[in-house]
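Asker:
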Amino acid sequence: MPATDYQASFLGRISIRRNQVIAMDGNHEQELQDLELFSKHVSERFAELLSSPDDIPFDALLSISWLRKLLDFFLCCEAEFKGVLMMGNDPSQISKPPLDRLIPEFLDRSVKALDVCNAVTNGLESVRHYQKLAEIVVSALEQKPIGDGQSRRAKKALTSLMSAMNVDDKECSAAKATERSWSFSRRGVSSKDRVPEHFRSVSNQVAKNWSAAKQIQAMTNNLVPPRGAEGSGLASPVYTMSVIMVFVMWALVAAIPCQERNGLSAIHFPAPKQLNWAQSIIGLHEKIGEEWKKKEKKGTAGLLDEMQKMEKLGNILMDFTDSFQFHGDITDQKAEEAAARSAELAETCRRMEEGLLPLQIQIREVFHRIVKTRTELLNALDQVGKSSPPLL
Amino acid sequence: MDGCRSGVPTYEGDLHVVAAAHHIVKALGATKNLSDDLRKILIDLDSHLSMITSNIDSKGGRGLVDVEERLDQAERKIMRWETDPMMIWDSGPKEASDYLEAVDETGKLVDGLRGLSVHENRKQKEILHRAMNIFQTAMSRLEEELIHILVRHGQQFEPKNMYSRSIRKDIVYDESFVSVEDEPTKETSSQNCSNDESGECIVDLVHADVIPDIKSIAKVMFTSNYGPEFCEAFISVQKEALEQYFSFLGTEYLSIEDVLKMEWTCLSSKMNKWTWSMKIIVRVYLASEKQLCDQVLGGLGSVSSYCFLEISKATILCLLNFGEAVAMGPHRPEKLLRLLDMYETLADLLRDIDTLFSEEAGSFIQLQFHELLERLGESAIAAFKAFRVAISSNGSLYPFAGGGVHPLNKYVMNYIRMFPEYWNTLNLLLKNQHPGVADQVTKPDYGPDTSLLTSCPMAYHLRSITSCLESNLHKKSQLYKDEALQHIFLMNNIHYLVQKVKGSELRLFFGDEWIRKHNAMFQQHAMNYERATWSSVVSFLKDNNPGSSSMSKSTFKERCKGFSIAFEEVYKTQTSWSIPDPQLREDLRISTSLKVVLAYRTFLGRNLAYTDDKCVKHTVEHVENSLLDLFGGSSRSLRNSRRW
Chain G
1 MPATDYQASF LGRISIRRNQ VIAMDGNHEQ ELQDLELFSK HVSERFAELL SSPDDIPFDA
61 LLSISWLRKL LDFFLCCEAE FKGVLMMGND PSQISKPPLD RLIPEFLDRS VKALDVCNAV
121 TNGLESVRHY QKLAEIVVSA LEQKPIGDGQ SRRAKKALTS LMSAMNVDDK ECSAAKATER
181 SWSFSRRGVS SKDRVPEHFR SVSNQVAKNW SAAKQIQAMT NNLVPPRGAE GSGLASPVYT
241 MSVIMVFVMW ALVAAIPCQE RNGLSAIHFP APKQLNWAQS IIGLHEKIGE EWKKKEKKGT
301 AGLLDEMQKM EKLGNILMDF TDSFQFHGDI TDQKAEEAAA RSAELAETCR RMEEGLLPLQ
361 IQIREVFHRI VKTRTELLNA LDQVGKSSPP LL
Chain L
1 MDGCRSGVPT YEGDLHVVAA AHHIVKALGA TKNLSDDLRK ILIDLDSHLS MITSNIDSKG
61 GRGLVDVEER LDQAERKIMR WETDPMMIWD SGPKEASDYL EAVDETGKLV DGLRGLSVHE
121 NRKQKEILHR AMNIFQTAMS RLEEELIHIL VRHGQQFEPK NMYSRSIRKD IVYDESFVSV
181 EDEPTKETSS QNCSNDESGE CIVDLVHADV IPDIKSIAKV MFTSNYGPEF CEAFISVQKE
241 ALEQYFSFLG TEYLSIEDVL KMEWTCLSSK MNKWTWSMKI IVRVYLASEK QLCDQVLGGL
301 GSVSSYCFLE ISKATILCLL NFGEAVAMGP HRPEKLLRLL DMYETLADLL RDIDTLFSEE
361 AGSFIQLQFH ELLERLGESA IAAFKAFRVA ISSNGSLYPF AGGGVHPLNK YVMNYIRMFP
421 EYWNTLNLLL KNQHPGVADQ VTKPDYGPDT SLLTSCPMAY HLRSITSCLE SNLHKKSQLY
481 KDEALQHIFL MNNIHYLVQK VKGSELRLFF GDEWIRKHNA MFQQHAMNYE RATWSSVVSF
541 LKDNNPGSSS MSKSTFKERC KGFSIAFEEV YKTQTSWSIP DPQLREDLRI STSLKVVLAY
601 RTFLGRNLAY TDDKCVKHTV EHVENSLLDL FGGSSRSLRN SRRW
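Residue numbers (full-length UniProt numbering), protein chains in the order written: chain G, 1 to 392; chain L, 1 to 644.
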């Protein structure tokens with residue numbers, strides 16, 4: 001299914017280009033068509049993301065492959081947006097009201113999005129670490145016959161994994177501020193497999209006191225749907241693209257461990273339901289927001305589907321290793337159950353192994369794309385501004 | 001551990017065969033350059049042979065008992081440390097090697113027992129589980145020991161010893177272009193670069209003495225299938241050490257938004273710091289880290305490069321992000337040199353980066369570096385263009401008082417004086433700018449003086465910058481109402497331009513012809529000044545009828561008065577004018593003197609009859625001395641010297 005969709009969106013992009021060539025001839029009708037086509041594609045893409053079936057693990061909401069699709073759609077929308085904004089129109093438009101105000105605001109949002117991209121990239125380093133710990137669990141439980149030693153090995157890795165995933169955002173920042181120590185407190189503690197404290201929590205931060213939630217909140221500043229006559233002009237794609245950008249960043253932050261996310265669920269999207277393209281985004285926002293609220297209290301590393309699976313399987317396997325240690329041995333039925341869970345965990349790890357690096361690369365691509373568009377818009381503004389006397 | 005040792009030779013024939021096989025396996029295992037797979041097979045074989053030995057024994061009725069004994073012994077050695085507050089590797093080499101021996105023994109027993117699990121019996125299974133339990137304790141312990149060794153023997157190095165902080169063009173213009181009205185104070189620094197910048201500098205991030213210890217832990221953990229645990233522990237400690245070193249260098253984490261909002265002086269010092277930290281991090285720290293990884297994990301295939309990547313990725317990305325933020329920022333002219341610094345640093349490090357991240361997994365990092373380099377290059381070009389635009393659009397409403405060297409001129413010339421330092425980079429970046437320019441550049445209109453330097457892209461751009469500057473100065477000169485002052489201003493400024501070119505490496509790029517042409521230019525302005533100021537003054541002293549011997553007294557008196565008034569007027573205005581260059585001032589005074597004093601002396605000499613004190617207000621000496629006061633920069637008056 002995804003293959004044909006990509007194809008469709010690709011064709012969509014081509015058709016947009018063809019339309020722009022005509023639009024350059026000054027055909028206003030064509031411009032309106034472009035705008036319509038743009039919002040049509042947006043709504044199609046997000047409808048597809050919304051309809052992702054939860055029961056197919058590969059494409060589940062907020063799974064790695066879902067996020068990759070989201071980013072892919074972001075890049076498509078972005079390309080079309082740029083086309084609508086810059087190719088088909090009189091360039092001087094962007095320096096006239098209301099765009100003279102909306103474009104700088106949009107650029108400001110873009111810069112904020114870049115920092116979110118970096119925060120998420122940092123977060124993926126942590127996810128990678130979880131994956132490695134989970135792989136240890138899998139490899140420990142794979143051994144036959146399973147004995148106390150293997151179960152302890154698995155438990156140790158599980159303990160590290162679960163505590164790493166349960167570090168809440170505040171701790172992430174706090175751990176950075178105070179110097180972490182590698183103490184195992186050898187004296188007195190007679191636990192057999194000590195887990196080092198602060199075992200590699202969220203790594204490099206974006207900046208001191210930086211908060212992903214506040215950043216995204218700030219991105220929604222001034223974000224209001226165009227009214228009246230503005231609604232039919234270029235103000236509307238700027239608004240649409242802004243909403244998409246905010247949503248994509250918000251979803252990434254909800255999914256992946258990130259610096260400071262308190263208040264993430266309180267972020268409100270000023271997207272009116274009557275706008276066709278906005279419906280799916282609103283739907284996704286509500287769905288993910290619900291999930292986030294559920295997890296927020298407990299403190300979660302993120303809603304990434306693979307991580308949630310890991311958490312669930314981790315808890316089951318933890319019980320298993322506990323009971324193993326308690327009884328010294330286990331029934332065949334339990335062993336089979338554990339083997340099945342362990343196989344599921346192995347599958348999750350495999351998906352992470354396949355998807356995490358491409359996801360990281362894709363986030364970087366989004367980063368570079370945002371930078372590029374920003375530069376192009378600034379240059380265009382500069383060109384238009386050349387007619388007025390320079391400041392220096 | 002030699003498996004043969006333990007058995008009583010009941011079935012001597014078998015034992016001999018097994019022992020011989022065992023020896024061969026051990027000898028093979030000692031060979032270097034074995035592939036991982038092969039090594040693993042040999043290790044498996046080794047433990048199998050050990051087990052066969054015990055098995056042969058067991059036929060003699062002693063097998064499992066013997067295995068159990070061996071396990072008991074190993075267990076004692078391993079478990080005794082669980083209650084000991086000391087770390088094993090801190091306690092001494094003997095303790096460490098004893099421990100490793102016991103772990104090795106346990107590992108062999110585990111592998112052997114597992115290999116036999118086909119004829120499973122209760123007792124055997126029990127021993128296996130016990131062995132695996134002990135083994136897990138040992139592995140867990142080894143992980144702790146590893147972290148302890150890495151933390152305890154980790155060494156930080158002083159960056160001061162690596163690169164001198166103030167390298168070549170360190171003290172340049174940090175002023176922003178808009179502050180052009182200020183006097184530029186900072187002159188260029190010395191070329192002090194004591195350290196060889198290209199020299200590889202590798203330090204021991206972990207004390208060299210403990211490398212064999214870490215290696216021995218790595219070896220046993222990897223052969224026991226505990227490689228992932230080793231990697232995670234190793235990566236965690238080393239990654240954190242790098243992060244700590246990063247903040248030790250004083251490098252902060254900055255968001256892109258922060259960087260874009262930063263004031264120029266602050267940004268400039270951060271850019272400086274980045275250049276410096278980048279070099280140390282890549283060339284010293286990461287090179288050393290890579291060496292450590294290779295030393296410890298050398299024979300383990302891609303493990304070493306995997307660990308290295310995981311350790312360094314986050315910090316590298318953080319450094320790259322600052323670069324991206326800088327390249328994104330507004331292209332202000334004052335950013336140019338700092339951008340070039342960053343560009344050069346990065347270009348210089350590319351080879352190191354490509355080596356450090358040569359594996360496929362590292363290609364992502366490699367790519368990011370190349371992208372940033374491109375971005376910084378574009379940004380530098382944009383700043384270069386902005387520099388030119390800023391020069392030609394620098395407007396003034398009022399004439400610059402005194403006609404001295406304009407601050408814009410000073411700023412621009414002191415700034416471009418740094419360009420030769422960046423010659424190669426600028427040439428590379430400017431090569432593709434203005435394709436039309438290329439032809440002109442190859443055929444400069446500077447006569448025979450066509451050395452390579454005067455015809456390079458940078459030379460062309462330098463000359464075009466100064467011609468921008470010149471035309472702006474011409475525009476500024478138009479603001480003076482006094483034509484003479486226009487010439488003084490242009491003379492001063494062109495003279496300054498030439499001096500700056502002549503006194504620096506710029507002369508190589510501008511060429512002798514350019515210098516000659518501009519020398520002639522300011523001299524022309526000097527002559528024009530003389531004509532504009534003094535022609536009318538001296539005209540009072542001209543003899544209208546060269547035929548007659550003398551003029552009438554009244555004419556003389558009138559001429560005298562006219563000259564005095566004109567001279568005093570010139571004196572009053574032009575003492576406030578300024579020629580900052582002492583030599584130039586001196587030259588102009590002499591040439592003025594020659595013209596004016598000579599004419600005055602002749603005038604007086606020809607009319608000796610009338611030269612009573614009353615009507616000749618100024619003596620020749622007085623005029624001559626007064627001329628010395630001109631161009632001092634502060635207005636003076638001759639009014640109160642004498643009345644008539």
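Virtual Cβ for every residue (Gly too), placed ideally from N, Cα, C.
Treat the numbers as computed from the prediction; the structure is a model and nothing was measured.
Are H487(L) and Y529(L) touching if we call contact CB-CB under 8 Å?
Answerer: Mapped onto the second sequence, residue 487(L) falls at position 487. Mapped onto the second sequence, residue 529(L) falls at position 529. Yes, Cβ-Cβ distance for H487(L) and Y529(L) is below 8 Å.
Asker: In chain L, what lies closer than 8 Å to S163(G) by C-beta?
Answerer: Here residue 163(G) refers to the residue found at position 163 of the first sequence. Ordered by position in chain L, no residue passes the 8 Å Cβ test against S163(G), which lies about 13 Å from the chain.
Asker: I'd like the span of the alpha helix (DSSP H) that includes Q362(G), first residue to last.
Answerer: Position 362 of the first sequence, counting from 1, holds the residue named residue 362(G). That run of the alpha helix (DSSP H) goes D332 to G385.
Asker: In angstroms, rounded to a whole number, what distance separates the CA positions of R153(G) and S342(G)?
Answerer: Position 153 of the first sequence, counting from 1, holds the residue named residue 153(G). Position 342 of the first sequence, counting from 1, holds the residue named residue 342(G). Using only the alpha carbons, I get a separation of about 14 Å.
Asker: Between V284(L) and L100(L), which are expected to be in contact by the criterion C-beta below 8 Å, what is the C-beta distance as a whole number of angstroms?
Answerer: Locating residue 284(L) in the second sequence gives position 284, where the first residue counts as 1. Locating residue 100(L) in the second sequence gives position 100, where the first residue counts as 1. No, V284(L) and L100(L) are not in contact; Cβ-Cβ is about 33 Å, not under 8 Å.
Asker: Kindly say whether R186(G), judged by its beta-carbon, lies nearer than 8 Å to any beta-carbon of chain L.
Answerer: Translated into the one-based positions of the first sequence, residue 186(G) becomes position 186. With a pLDDT of only 45 at R186(G), under the threshold of 50, the placement of this residue in the model should not be trusted; the figure read from the coordinates follows. So, interface residue.
Asker: For V206(L), does the three-state DSSP call read helix, strand or coil?
Answerer: Mapped onto the second sequence, residue 206(L) falls at position 206. Strand at V206(L).
Asker: Do we get a CB-CB distance below 8 Å when we pair G147(G) with the residues of chain L?
Answerer: One-based indexing of the first sequence puts residue 147(G) at position 147. Interface residue, yes.
Asker: Do L49(L) and A21(L) have their C-beta atoms closer together than 8 Å?
Answerer: For this step, residue 49(L) is matched to residue 49 along the second sequence. For this step, residue 21(L) is matched to residue 21 along the second sequence. Yes, Cβ-Cβ distance for L49(L) and A21(L) is below 8 Å.
Asker: Use the C-beta contact count for S635(L): other C-beta atoms within 10 angstroms, 16 or more gives buried, fewer gives exposed.
Answerer: Locating residue 635(L) in the second sequence gives position 635, where the first residue counts as 1. By the neighbour-count rule (16 or more Cβ atoms within 10 Å), S635(L) is not buried but exposed.
Asker: Is the Cβ-Cβ distance between T373(G) and K309(G) less than 8 Å?
Answerer: Here residue 373(G) refers to the residue found at position 373 of the first sequence. Here residue 309(G) refers to the residue found at position 309 of the first sequence. No, they are not a contact pair.
Asker: Between which two residues does the alpha helix (DSSP H) containing M245(G) stretch?
Answerer: Here the question's residue 245(G) lines up with position 245 in the first sequence. Looking at the DSSP string, the run of the alpha helix (DSSP H) that includes M245(G) is A235 to A255.
Asker: Does DSSP put G403(L) in a helix, a strand or coil?
Answerer: Position 403 of the second sequence holds residue 403(L). In this structure, G403(L) counts as helix in the three-state DSSP scheme.
Asker: Are the CB atoms of L71(L) and L109(L) within a distance shorter than 8 Å?
Answerer: Numbered from 1 along the second sequence, position 109 holds the residue referred to as residue 109(L). Numbered from 1 along the second sequence, position 71 holds the residue referred to as residue 71(L). Yes. Within cutoff.
Asker: For I256(G), which residues from the same chain have a beta carbon less than 7 Å from its beta carbon, with the 5 sequence-adjacent residues on both sides left out?
Answerer: Looking up residue 256(G) in the first sequence gives position 256. For I256(G), where only same-chain residues beyond five positions count, the Cβ hits under 7 Å are V120, G123, L124, V127, G302 and L304.
Asker: Classify R227(G): buried if its beta carbon has 16 or more other beta carbons within 10 angstroms, exposed otherwise.
Answerer: Counting from 1 along the first sequence, the entry for residue 227(G) is found at position 227. The residue in question, R227(G), is exposed, as its Cβ has fewer than 16 Cβ neighbours within 10 Å.
Asker: From G298(L), Y480(L) and A532(L), pick the residue whose C-alpha is nearest to that of F222(L); which is it?
Answerer: For this step, residue 222(L) is matched to residue 222 along the second sequence. Out of G298(L), Y480(L) and A532(L), G298(L) has the C-alpha closest to the C-alpha of F222(L).
Asker: Identify the contact partners of M491(L) in chain G, using a Cβ-Cβ distance below 9 Å as the criterion.
Answerer: For the purposes of this step, residue 491(L) is identified with residue 491 of the second sequence, where counting begins at 1. In chain order: nothing, as chain G lies at least about 26 Å away.
Asker: Shorter than 8 Å from the beta carbon of L292(L) to some beta carbon of chain G?
Answerer: Counting from one through the second sequence, the residue named residue 292(L) turns up at place 292. With 8 Å as the cut-off, L292(L) does not count as an interface residue toward chain G.
Asker: Let me see if you follow: with CB-CB separation under 8 Å, is A380(G) close to chain L or not?
Answerer: Working through the first sequence from its first residue, we reach residue 380(G) at position 380. It does not; no Cβ of chain L falls within 8 Å.
Asker: Which whole-angstrom value describes the C-beta separation of S151(G) and F38(G), a residue pair presumed to lie in contact below a C-beta threshold of 8 Å?
Answerer: By one-based count along the first sequence, residue 151(G) stands at place 151. By one-based count along the first sequence, residue 38(G) stands at place 38. Their Cβ separation, rounded to whole angstroms, is 56 Å, which puts S151(G) and F38(G) out of contact at 8 Å.
Asker: With the cut-off set at 8 Å, would you say I365(L) and I316(L) are in Cβ contact?
Answerer: The sequence position of residue 365(L) within the second sequence is 365, counting from 1. The sequence position of residue 316(L) within the second sequence is 316, counting from 1. Going by C-beta atoms, I365(L) is nearer than 8 Å to I316(L).
Asker: Is the shortest distance between the beta-carbon of I416(L) and the beta-carbons of chain G less than 8 Å?
Answerer: Taking the second sequence and counting its residues from 1, one reaches residue 416(L) at position 416. So, not an interface residue.
Asker: Would you mind stating whether E376(G) and M86(G) have Cβ atoms separated by less than 8 Å?
Answerer: For this step, residue 376(G) is matched to residue 376 along the first sequence. For this step, residue 86(G) is matched to residue 86 along the first sequence. Yes, they are a contact pair.
Asker: Taking C-beta to C-beta, are L158(G) and T331(G) nearer than 8 Å?
Answerer: For the purposes of this step, residue 158(G) is taken as residue 158 along the first sequence, with counting starting at 1. For the purposes of this step, residue 331(G) is taken as residue 331 along the first sequence, with counting starting at 1. Not in contact: L158(G) and T331(G) (Cβ atoms no closer than 8 Å).
Asker: Residues of chain L with CB closer than 8 Å to the CB of K309(G), please, in chain order.
Answerer: For this step, residue 309(G) is matched to residue 309 along the first sequence. Going along chain L, no residue has its Cβ under 8 Å from K309(G), so there is no contact; the nearest lies around 20 Å.
Asker: From this set, Y253(L), N625(L), A609(L) and V538(L), which residue's C-alpha is nearest residue 677(L)'s C-alpha?
Answerer: For residue 677(L) there is no data in the structure shown, the boundaries of chain L being 1 and 644.
Asker: What does a CB cutoff of less than 8 Å around L349(L) pick up in its chain, not counting 5 residues either side in sequence?
Answerer: Indexing the second sequence from 1 puts residue 349(L) at position 349. Only M278, K279, V282, R283 and F369 meet the Cβ criterion.
Asker: Give the DSSP-derived three-state secondary structure of G154(L) in the structure shown.
Answerer: As a working mapping, residue 154(L) is identified with position 154 in the second sequence. Correct three-state label for G154(L): strand.
Asker: For G402(L), which of L485(L), G562(L) and T592(L) has the nearest alpha-carbon?
Answerer: In the second sequence, the residue the question calls residue 402(L) occupies position 402. Checked all of L485(L), G562(L) and T592(L); the closest Cα to G402(L) is L485(L).
Asker: Cutting at 8 Å between CB atoms, please list the residues of its own chain near A314(L), excluding the five before and the five after it.
Answerer: One-based indexing of the second sequence puts residue 314(L) at position 314. Cβ within range, chain order: K239 and E243.
Asker: Rank K431(L), A325(L) and P399(L) by C-alpha distance to the C-alpha of S379(L) and give the top, closest one.
Answerer: As a first step, residue 379(L) is located in the second sequence; it is residue number 379 there, counting from the start. Measuring from the Cα of S379(L), the nearest candidate turns out to be A325(L).
Asker: Does chain G have any CB closer than 8 Å to the CB of S255(L)?
Answerer: By one-based count along the second sequence, residue 255(L) stands at place 255. Closer than 8 Å to some Cβ of chain G, the Cβ of S255(L) qualifies, so yes.
Asker: How about the stretch 574-592 of chain L and the stretch 618-633 of chain L: do they share at least three Cβ pairs that are nearer than 8 Å?
Answerer: The stretch 574-592 of chain L is in contact with the stretch 618-633 of chain L.
Asker: Distance cutoff 8 Å, beta carbons only. Does F556(L) sit that close to anything in chain G?
Answerer: In the second sequence, counting from the first residue as 1, residue 556(L) sits at position 556. False, the Cβ-Cβ gap to chain G never drops below 8 Å.
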